[in-house]
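Engineer: Sharing a structure below in structure tokens format, with a few things to ask.
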């Protein structure tokens, strides 16, 4: 029973990692760049939601919706203003750029007087409710996380499978030049991918907020999404979610069964082992470059 | 404008290319040697820090700037060097022996890290080093019997076989000697076949491989040398601070080292020094600027992080060759006056090259 309990909380945490990893993978597939700012976007989304609820007095669901939309617009602007000018440069350049953007976002939030340096609770309608399932006590917060992730995955799957935009995004990620020749507006799609990734990150932040608290360093959780993305194979969307679940469960179990300190580094041990034995991840594609 | 006519191979690989360089580097060295008489103690300490960070920057530059392998966990090597030095000098080992051991251990761990690095590249390598950095930080915090855990560990003054370097001046000279030695070593390495192999790997792994460069061996070597140099910097850093704890070698420190090499100029030895000067002077400048800013901005906690972020973004977007690149542009402008053209240092754009293929 305890084991199941740990697994469920691990899965809930893993869903968050999976959602952030989804953002990495979306951006990586579309533009071959790695965004280190994803965790900070998550933090920003949580703060926007908090502001919408507490300062503007919006009802919770509308606040969530508007925070996610606002972050989508933010992602679009980020891509247009900062990322697009240096596309085509070595990957390292963009890694440094996104690290810099992360610093700025954290700095700006910290500088808001009386808010940036405090920890906040996001008032959610389902706070502290539990669900007693034949002796298995499940908190509603976890259920909401898992259910929202499942719904979001279904929506994304439908989008990539059936909608024109989704198929165009897939085409772009497979071969940018060929997609461009086929008349797909590659640049605009890249912007949309950043918007989508930011919106997903914001949603992850809002889902996570009831469990942790909203504070400036929330973004560091995003670093654990890298192991999730690698375990799933960096280029695979379902892999990102499954990788996130694996990392979440491993973390939760190692926190209970292994000595102190292992909880924090378990994801990194998993990722090192993964890189050592199966560098392409569970769902990664194996391609060789032709000279 | 100066035209160099190279008439021998020795001239081509000479460290100082012409009399002007010999004069200015000599002048710089003389100024640094006389620094304890010129500068007050506070500034001397800052220069020592610049020298220490320059060593660390040189180490990372060798890996990121010359071999093209990104490491987001280099503070871990600094930590390994610092902790080894602390433990060994604590046991009464003389400074040079402890330093050699710290360097060797860092290099060894560098080799261990490079093992997955040989199989993966690009962002996977970044994540592997990131993971390694976190694990090492946790080890520092948890291995309390050796490292003192989160409480940290104290350093004794460096002991050169009975000669205690406990004054600010003597420690400054120690840093200076090590920094000059390592700089000359790195310059010498870069003009040797090994250094050229590094640069070839950076520019194209496939063509390097076709030229008969053993990728695994040279990447491992680059990691080992880089880790060793950063380990020396870590040991000196520990001595300078007098006290180390795990959070000094966290991700933030690794990012700071990356910031150093990017702002200084990726792929230039000068870049490590300019970057180090930038990293050390930036907090001071911010502290000075605080008085002139409105209190709502000046007294806010996040100011320094935000300024670092803005500087990083501005450099990546507008000055990809860093401070040294800016200096090159200014110098070329004067040398060619009035024939400098705008596009002379333009970055070449390429269509997104896929890293998924390897």
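Residue numbers (this note's numbering), protein chains in the order written: chain W, 6 to 296; chain G, 5 to 362.
In this text, a Cβ means the ideal position worked out from N, Cα and C, and glycines have one as well.
Remember, predicted model here, so these are calculated numbers, not experimental data.
Could you please give me the residues that DSSP links to residue 220 of chain W through a beta bridge?
Structural biologist: None, per the DSSP bridge assignment.
Engineer: Please report the distance separating the alpha-carbon of residue 217 of chain G from that of residue 9 of chain W.
Structural biologist: Taking the straight line joining both Cα atoms gives about 52 Å.
Engineer: Going by DSSP, which residues form a beta bridge with residue 2 of chain G?
Structural biologist: For residue 2 of chain G there is no data in the structure shown, the boundaries of chain G being 5 and 362.
Engineer: Short of 7 Å in beta carbon distance, which residues of its chain neighbour residue 189 of chain W, apart from the five on each side in sequence? Order them along the chain.
Structural biologist: 173, 176 and 177
Engineer: Based on DSSP bridge pairs, tell me the residues matched to residue 135 of chain W.
Structural biologist: Beta-bridge pairing links residue 135 of chain W to W/144.
Engineer: By Cβ distance, which residues of its chain are closer than 7 Å to residue 90 of chain G, with the 5 residues on each side in sequence left out?
Structural biologist: 157, 159, 242 and 248.
Engineer: Mind listing, in chain order, the continuous alpha helix (DSSP H) runs of no fewer than 4 residues lying wholly within the segment 265–325 of chain G?
Structural biologist: 273–294, 299–302 and 307–322
Engineer: Nearest by alpha-carbon distance to residue 246 of chain G: which of G/236, G/38 and G/161 is it?
Structural biologist: G/161
Engineer: How should residue 88 of chain G be labelled, buried or exposed, when 16 other C-beta atoms within 10 angstroms of its C-beta is the threshold for buried?
Structural biologist: buried
Engineer: Which class does residue 164 of chain G belong to by DSSP, given the choice of helix, strand or coil?
Structural biologist: strand
Engineer: Three or more beta-carbon pairs under 8 Å between the segment 198–210 of chain G and the segment 57–75 of chain G, yes or no?
Structural biologist: yes
Engineer: Given residue 199 of chain G, which residues of its chain have a CB within under 6 Å of its CB, disregarding the five upstream and five downstream residues?
Structural biologist: 193
Engineer: Which same chain residues, not among the five before or five after residue 330 of chain G, have their C-beta less than 7 Å away from its C-beta?
Structural biologist: 323
Engineer: Would you mind listing the alpha helix (DSSP H) stretches within the segment 203–243 of chain G that are 4+ residues and don't spill past its ends, in chain order?
Structural biologist: Taken in chain order, the whole alpha helix (DSSP H) runs of length 4 or more contained in the segment 203–243 of chain G are 209–214.
Engineer: With 7 Å as the limit, tell me which residues of the segment 118–130 of chain G have their beta carbon closer than that to any beta carbon of chain W; keep them in chain order.
Structural biologist: 120, 123, 124, 126, 127, 128 and 130
Engineer: Going straight from the alpha carbon of residue 361 of chain G to that of residue 319 of chain G, what length do you get?
Structural biologist: Only weak support is given to the placement of residue 361 of chain G: the predicted model assigns it a pLDDT of 45, under 50, and the question is left unresolved by the model.
Engineer: So, for residue 283 of chain G: in the same chain, excluding its five sequence neighbours on each side, which residues have a beta-carbon less than 6 Å away from its beta-carbon?
Structural biologist: 57 and 264
Engineer: If you draw a straight line from the alpha carbon of residue 230 of chain W to that of residue 147 of chain G, how long is it in whole angstroms?
Structural biologist: 26 Å
Engineer: Give a single yes or no on whether residue 267 of chain G has its beta carbon closer than 6 Å to a heavy atom of the ligand FAD.
Structural biologist: Here there are no bound small molecules, and the ligand FAD is not part of this structure.
Engineer: Could you give the distance in angstroms between the alpha-carbon of residue 113 of chain W and the alpha-carbon of residue 298 of chain G?
Structural biologist: If I take the Cα positions, the gap works out to 15 Å.
Engineer: Can you name, in chain order, every residue of its own chain whose Cβ lies under 8 Å from the Cβ of residue 6 of chain W, other than the five neighbours on each side?
Structural biologist: Correct list, in chain order: 140 and 141.
Engineer: Name the DSSP bridge partner or partners of residue 125 of chain W?
Structural biologist: W/219
Engineer: Please classify residue 392 of chain G as buried or exposed, where buried requires at least 16 other C-beta atoms within 10 Å of its C-beta.
Structural biologist: In this structure chain G extends from 5 to 362, so residue 392 of chain G is not present and cannot be described.
Engineer: Check whether the Cβ atoms of residue 44 of chain W and residue 244 of chain W sit closer than 7 Å, and answer yes or no.
Structural biologist: Cβ distance not < 7 Å, so residue 44 of chain W and residue 244 of chain W don't count as in contact.
Engineer: List, in chain order, every chain G residue whose beta-carbon is nearer than 8 Å to that of residue 277 of chain W.
Structural biologist: 120, 132, 135, 136 and 139
Engineer: At a CB distance below 9 Å, what residues from the segment 103–134 of chain W approach chain G? Give them in sequence order.
Structural biologist: 104, 105, 106, 107, 108, 109, 110, 111, 112, 113, 114, 115, 116, 117, 118, 121 and 122
Engineer: Just how far apart, CA to CA, sit residue 339 of chain G and residue 231 of chain G?
Structural biologist: 38 Å
Engineer: Please confirm if the segment 136–154 of chain G is in contact with the segment 252–264 of chain G, defined as three or more CB-CB distances below 8 Å between the two stretches.
Structural biologist: yes
Engineer: Step through the CB atoms of chain W and report whether any lies within less than 7 Å of the CB of residue 312 of chain G.
Structural biologist: yes
Engineer: Excluding the 5 residues flanking residue 53 of chain W on each side, which residues of the same chain have their C-beta closer than 6 Å to its C-beta?
Structural biologist: Cβ neighbours of residue 53 of chain W beyond the five flanking positions: 72 and 75.
Engineer: To the nearest angstrom, how far is it from the Cα of residue 70 of chain W to the Cα of residue 295 of chain G?
Structural biologist: Rounded to the nearest angstrom, the two C-alpha atoms are 41 Å apart.
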